[in-house]
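Taking it in order: structure first as structure tokens, then the write-up.
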Amino acid sequence: MTTDTLALLPDDGEQALLVGRVWEPTLKGPRVVAVRGDDVHDLTERIGTVSELLERPDHVDILRQADGPPRWRTSDILEASLDRDWKRPRLLAPIDLQVVKACGVTFADSLIERVIEERTGGDAERAAQTRALISEALGSSLSAVRPGSEAALKAKTLLQEQGLWSQYLEVGIGPDPEVFTKAPVLSSVGLGEGIGIPRASTWNNPEPELVLVVDSRGGVVGATLGNDVNLRDVEGRSALLLGKAKDNNASSALGPFIRLFDEGFTLDTLRTEEITLRVTGPDGYRLEGRNSLARISRPFEELVAATIGDHHQYPDGFALYTGTLFAPTADRDEPGRGFTHKTGDVVEIRSTHLGTLINTVAAAEDLPPWTFGIAELLRYLSAIRAPTASAAVPPATSAAERPDAKGER
């Protein structure tokens, strides 16, 4: 695991406009923060939520104008987050009221893996044989096909004739991308927190992804990193089980911060971003992978337009997972069973411009329950903005306030 905490920031962290959320244990609630190098400035007296900040046309100026003595040191916050020290200020997922959406099957490689899951019914032991069969039939031809194009329609006809057509191929090369809701508002976890996989799952994997942060007008204002954890055995049984495969306790990880767009960091910067993955197991196992955004099959603008528009609105904005190229296939234990997580796996996701997101795999049932929801946030914001805000705290109902709790969720 990375030990130099400031190394978790983007490579050009001194110039980056970084927004985050810090859990303040003395106030029992989240603070909106601006991060500059090792300085963390609290913006909460002026801006109550990250969603509110990003809806303002002057959000970049607000970050640049944050001055005065910092409330915390970035290195201290990152250290407490990695140590899971619930008694110290630590990072939360950097979004709050935004809806958590996701696009799937946006890379040819992962498209093939979805077809394999479907054809094996989620049985990992049959995956290798099925992968060889499909690869022989399709080769690498799909990577050059523009979704929705005439070439895509011809490919669809050919695949149907060979009996290989699939609902995943429909969203992979058809006119409409797959867009689904990954997690409820406020349920995502941040840097250092456990990431949940239900005990019943025997075939699952991490999905390192670029996550676009979009305002209510459909404008992409920044980006962060995400782990769109997936239960391959569950989705493989039926695509109708997508919600069960994707949305579980602590199954959406985001962070470490949102990097806002400015003159030196734009959407074009991300079109060639390389996202790396490293999984380190408690048994010494090591897996490395890469997600190259240059190979995505649809432009970011198309994914955003499929999510928001006259057909659907998001008044508090949304975060959009953009899919992954990476799908681990090498055997971890038994031959033919491929990769699956084990409790204690440390997952590190990094990119040059967004920093590093680190989480440790655990059973979803064993992680702290999610209890700090929208009603709790409203009570907290009302309390800190009251005339006696210095003494006021919300009702003691969050996980962080219970004696037996393992941390606020």
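Residue numbers (this note's numbering): 80 to 488. All C-beta atoms in this analysis are idealised placements derived from N, C-alpha and C, irrespective of residue type, glycine included. In this text the structure is predicted, and so the values were computed from the model without any measurement.
Check this for me: beta carbons of residue i and residue j, under 8 Å apart or not?
{"i": "phenylalanine 259", "j": "valine 114", "result": "no"}
{"i": "valine 268", "j": "phenylalanine 397", "result": "no"}
{"i": "leucine 289", "j": "leucine 366", "result": "no"}
{"i": "glycine 108", "j": "isoleucine 453", "result": "no"}
{"i": "phenylalanine 340", "j": "histidine 432", "result": "no"}
{"i": "threonine 153", "j": "glycine 116", "result": "yes"}
{"i": "glycine 368", "j": "proline 394", "result": "no"}
{"i": "alanine 332", "j": "isoleucine 274", "result": "yes"}
{"i": "isoleucine 276", "j": "valine 440", "result": "yes"}
{"i": "glycine 334", "j": "leucine 170", "result": "yes"}
{"i": "valine 313", "j": "serine 280", "result": "yes"}
{"i": "tryptophan 165", "j": "proline 226", "result": "no"}
{"i": "arginine 125", "j": "arginine 110", "result": "no"}
{"i": "histidine 120", "j": "arginine 167", "result": "no"}
Does DSSP put residue i in a helix, in a strand, or in coil?
{"i": "histidine 120", "result": "strand"}
{"i": "phenylalanine 451", "result": "coil"}
{"i": "lysine 323", "result": "helix"}
{"i": "glycine 434", "result": "strand"}
{"i": "aspartate 341", "result": "strand"}
{"i": "serine 371", "result": "strand"}
{"i": "alanine 302", "result": "strand"}
{"i": "alanine 145", "result": "coil"}
{"i": "threonine 467", "result": "Residue confidence for threonine 467 is low, a pLDDT of 46 falling below 50, so the modelled location carries little weight and cannot support an answer."}
{"i": "glycine 108", "result": "strand"}
{"i": "leucine 85", "result": "helix"}
{"i": "histidine 420", "result": "coil"}
{"i": "valine 440", "result": "strand"}
{"i": "glycine 334", "result": "strand"}
{"i": "lysine 180", "result": "strand"}
{"i": "leucine 399", "result": "strand"}
{"i": "isoleucine 156", "result": "helix"}
{"i": "valine 194", "result": "helix"}
{"i": "alanine 207", "result": "helix"}
{"i": "histidine 390", "result": "coil"}
{"i": "aspartate 307", "result": "strand"}
{"i": "glycine 99", "result": "strand"}
{"i": "glutamate 352", "result": "coil"}
{"i": "isoleucine 252", "result": "helix"}
What's the C-alpha gap between residue i and residue j?
{"i": "leucine 243", "j": "isoleucine 195", "result": "11 Å"}
{"i": "asparagine 309", "j": "proline 148", "result": "42 Å"}
{"i": "aspartate 91", "j": "valine 300", "result": "18 Å"}
{"i": "glycine 102", "j": "leucine 122", "result": "According to the sequence as given, residue 102 is tryptophan; it is not glycine. Those two C-alpha atoms are separated by around 13 Å."}
{"i": "alanine 207", "j": "threonine 128", "result": "47 Å"}
{"i": "glutamine 144", "j": "proline 173", "result": "20 Å"}
{"i": "glutamine 241", "j": "alanine 231", "result": "15 Å"}
{"i": "glutamate 286", "j": "glycine 434", "result": "16 Å"}
{"i": "leucine 36", "j": "valine 112", "result": "Residue coverage of the chain in this structure runs from 80 to 488, which leaves residue 36 outside it and unanswerable."}
{"i": "threonine 348", "j": "glutamate 204", "result": "40 Å"}
{"i": "glutamine 392", "j": "aspartate 155", "result": "38 Å"}
{"i": "proline 414", "j": "leucine 456", "result": "48 Å"}
{"i": "phenylalanine 451", "j": "leucine 436", "result": "22 Å"}
{"i": "proline 447", "j": "glycine 271", "result": "13 Å"}
{"i": "alanine 302", "j": "leucine 291", "result": "4 Å"}
{"i": "glutamine 239", "j": "lysine 323", "result": "29 Å"}
{"i": "aspartate 445", "j": "asparagine 438", "result": "15 Å"}
{"i": "threonine 467", "j": "isoleucine 428", "result": "Interpretation of threonine 467 is limited by its pLDDT of 46, a score under 50 that renders its predicted location unreliable; no figure is taken from the coordinates."}
{"i": "tryptophan 449", "j": "arginine 163", "result": "16 Å"}
{"i": "threonine 386", "j": "aspartate 307", "result": "17 Å"}
{"i": "glutamate 249", "j": "leucine 237", "result": "13 Å"}
{"i": "leucine 321", "j": "aspartate 146", "result": "45 Å"}
{"i": "lysine 325", "j": "arginine 311", "result": "9 Å"}
{"i": "glutamine 246", "j": "leucine 382", "result": "18 Å"}
So residue i and residue j are in contact, right, with Cβ under 8 Å, and what is the actual spacing, rounded?
{"i": "glycine 253", "j": "glycine 388", "result": "Going by Cβ atoms, the distance from glycine 253 to glycine 388 rounds to 18 Å, so no, they are not a contact pair."}
{"i": "glutamate 257", "j": "glycine 183", "result": "4 Å"}
{"i": "alanine 443", "j": "asparagine 327", "result": "5 Å"}
{"i": "serine 330", "j": "alanine 262", "result": "7 Å"}
{"i": "serine 430", "j": "leucine 304", "result": "6 Å"}
{"i": "alanine 181", "j": "leucine 399", "result": "7 Å"}
{"i": "proline 89", "j": "arginine 338", "result": "6 Å"}
> Three or more C-beta pairs closer than 8 Å, one from the region 129-143 and one from the region 172-182: is that the case here?
Replying inline: With a cut-off of 8 Å, the region 172-182 and the region 129-143 count as touching, because enough Cβ pairs lie within range.
The region 305-325 contacting the region 347-355, beta-carbon criterion three pairs below 8 Å: As far as the Cβ criterion goes, the region 305-325 does not touch the region 347-355, which means the pair count is below three.
inquiry  = For the pair the region 367-386 and the region 157-176, tell me if three or more CB-CB distances fall below 8 Å.
reply    = Contact fails: fewer than three Cβ-Cβ distances are below 8 Å.
The region 418-437 touching the region 358-365, judged by at least three CB pairs closer than 8 Å:
Contact holds: three or more Cβ-Cβ distances are below 8 Å.
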